[in-house]
Amino acid sequence: MRKETFKKQIQTELATLIYESAHQGRFSSAEMLCLLELLEAVAARRDWPLFDCLRRWMAAESDSEQYREISEIIKATLINVDFQDAGSVQTNTEIICSLVKELE
Amino acid sequence: MAIQHSIAEEKLCDLESERRVLSAMLNSEEACIEAYDSLQAQDFYSIKHQHLFQLICGLYERDIRPTYIELLKEAHQLQLFNEPREIEEIQYIAEHFIDDGNIRYWIERVKDKARLRIFENFLRSSYRKLMEKDLDDVEQVLLEAQDELTNMTALEIDDRVDSPADLAQLGYDEVERRFLRFKEIQEKHKGVLPLDGLTTGFDTLNHITLGYKPGDLIIVGAQTGHGKTALALHTAQAVAVEHQHNVLYLNTEMSRVQIALRWGSILSGIEHNLIRRGELSETELSQVLEAYSRLRNSGFYSYPCPNLTPEKTISIARKFKVQHDVKLMVLDYVGRMDKINPNLAEWQVLEQIVKTQKMLAQNLNIAVMCLVQLNEDGSLQGARRMKNECDLMLKLIPISEEEIQENPELKKYKDPNYYLYIDKNRDGIAGVYLPICFDKTRQSMKDAERIAL
């Protein structure tokens, strides 16, 4: 199978999974739209520093109370990003990065 | 009778082809343009496919690239596809990805089945008539059927044959419209003729042509360095900046920065060289900033494309017509376009390019302006037959110092230095020399002002 076709299939599968999970009530509409926007940005190979920040957030996962609290703030910030507005992406990336730093 | 039995569904529809077309639309912009242009929702047999086609077209019209993810977002907003089975089906379609080079084949298959369904419908209704009608007037029944069948086979959806009555009505409506307009001019506009199309940027040329009309192909010729691009941008300024109509400017020679800097000079009236060097006073800098704010609010869309081919112009123009309703496309310039067939002579290539542009203008109902290069003797380089294809041919010809001194007619104008020569005008007079002022330092043009004698 060609690499490009395979990648497209994975994106399609992932998008379906996100959409169906939201319809099964596993997360909200806002969360679903945010995840779809992120998936689209990855598919379009956007070079956002936000991605690196999110990877670091995942790597810093722990059971601590502090992690849970900061993660909630990161999530709320992420959901409010207007992905069509470069300014909004940049400002919120800075906020998220500084929050992730606190976890590291 | 066989017709009484229902015809097998698979003969009347091709769901596989429908899926492939929809999938290609989700995966490739070229395919999206092609399908958008060639198909209608009712060409799809499946109701779900019809809805998907409409959703994808709706996204595309709003300048949103219709990907599977965008489709899901749109569906969520419109509260569609709530059943898992529906999503599975759309996912299945999205994964039917095909190479967009084959899109025409799949579109044709979808169209053929749609035509077959229309034919089936015709057979059914004819059969019903046969059963229901009192068949005294067999001739009439057969004529009606023949008429319907001819329309189905001979004519494409967009084709139209005007009957004598249609043509007479059209002619009368046009003359009446012009008669009323002429009266209005005399009463309200004090003799100034309103345009039929887009402004040309020159009052004298507007008066003769009544503007660039939808479907017009305008060819502008000049020698190298004698104002082809300046004239194109002057037209764009008049249409897109001053009249706020959308213009698509395809450029094969200049970079984005070069185009942007030229606009700074044209709109601010500051010399192009000073802008390029940044040699500006504070006041001039604010003049330039003000100029760019006018450009920001204009309808000027620029597409620098060094490897432009005729096929590419078609798809770009279709896209901009759908998404931005462009009224004018400028092609700067024809001689720099890539050859379609390397075996053809240059004049054949240019002729083909110009033919394509004329078809494009008519099909999209926009005005298309092509810039071409003139030889040193003022003749058209490459293809004289280009002239046959166009509706209006303009040439920019420098006026020599000698002529300015000797020609008494030119003395009636203030500082003319170029002629805008109307070499061909399908709708009006040709062979007219219009004196203009071309300020090379500012890349601006205007009608030469008449001096009161």
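From first to last, the protein sequence lines stand for chains A and B. For the first sequence, my numbering begins at 14 and goes up steadily by one. For the second sequence, my numbering begins at 287 and goes up steadily by one. Every residue gets a Cβ at the ideal spot worked out from N, C-alpha and C, and that includes glycine.
query	result
Beta-carbon contacts of R562/B that lie in its chain and below 7 Å, excluding the five residues immediately before and after	L547
Classification of Q643/B by the beta-carbon crowding that lies within 10 angstroms, buried from 16 upward	buried
Own chain partners of Y322/B with C-beta closer than 7 Å, once the 5 adjacent residues on each side are dropped	C343, Y346 and V608
Neighbour flag for E33/A against chain B, beta carbons, 8 Å	yes
Among D725/B, E695/B, R712/B and V718/B, nearest to I737/B - alpha-carbon criterion	E695/B
Presumed contact (8 Å Cβ cut-off) between A603/B and P500/B, rounded CB distance	Rounded, the Cβ-Cβ distance is 13 Å, inconsistent with contact.
Assigned secondary structure, V94/A (DSSP; H/G/I helix, E/B strand, else coil)	coil
Inter-residue Cα distance where the pair is L91/A and E568/B	42 Å
Cβ neighbours of L27/A in the same chain (closer than 8 Å, five flanking residues each side left out)	L52
Under the three-state DSSP convention, the category S730/B falls into	strand
Closest Cα partner of L678/B within the set G507/B, A526/B, L366/B and Q638/B	G507/B
Beta-ladder partner(s) of Q659/B, from DSSP	A508/B
I561/B: first and last residue of the uninterrupted alpha helix (DSSP H) it sits in	H558 to R563
Contacting positions in the region 402-434 of chain B - beta carbon closer than 8 Å to chain A	none
Cβ-Cβ distance between M537/B and D618/B below 8 Å	A small fix is needed here, since residue 537/B is Asn in this sequence, not Met. Result yes, Cβ atoms of N537/B and D618/B sit closer than 8 Å.
Minimum Cβ-Cβ distance from N388/B to chain A less than 8 Å	no
Close beta carbons around N35/A, own chain, < 6 Å, minus the five adjacent residues each side	The identity of residue 35/A in the sequence shown is Ala, whereas the question assumes Asn. Closer than 6 Å at the Cβ level, and outside the excluded window around A35/A, lie M45.
Below-8 Å beta-carbon distance, E44/A vs any chain B residue	no
Beta-carbon proximity check, K710/B vs I722/B, cutoff 8 Å	no
Bridge partners - I722/B, DSSP secondary structure assignment	Y704/B and D733/B
Option in E675/B, P450/B, C676/B and P702/B with minimal Cα separation from E688/B	P702/B
Three-state secondary structure assigned by DSSP to A99/A	helix
Coil, strand or helix - F488/B by DSSP	coil
Closer than 7 Å: Y589/B CB and nearest the ligand NAP heavy atom	Within the structure as shown, the ligand NAP is missing, as the structure has no ligands at all.
Span of the alpha helix (DSSP H) around L534/B	Unbroken run through L534/B is the beta strand (DSSP E), V533 to N537; no alpha helix (DSSP H).
C-alpha gap between M540/B and A516/B, whole angstroms	12 Å
Nearest to R348/B (by Cα), restricted to the options T486/B, K605/B and Q365/B	K605/B
Sub-8 Å separation of G497/B and T486/B beta-carbons	yes
Per DSSP, the bridge partner or partners of K710/B	M679/B
Sub-8 Å separation of E576/B and I556/B beta-carbons	no
Within chain A, partners of L358/B - CB distance below 7 Å	A28, Y32 and L49
Beta carbon proximity, K21/A to chain B, threshold 8 Å	yes
Beta-carbon proximity list for L67/A, same chain, < 7 Å, skipping 5 on both sides	none
Same chain, Cβ closer than 7 Å to S110/A, five either side skipped, listed in chain order	According to the sequence shown, residue 110/A is Cys rather than Ser. Closer than 7 Å at Cβ, skipping near neighbours: C66.
Helix, strand or coil at F40/A [DSSP, three-state]	coil
Secondary structure of A653/B, DSSP reduced to three states	strand
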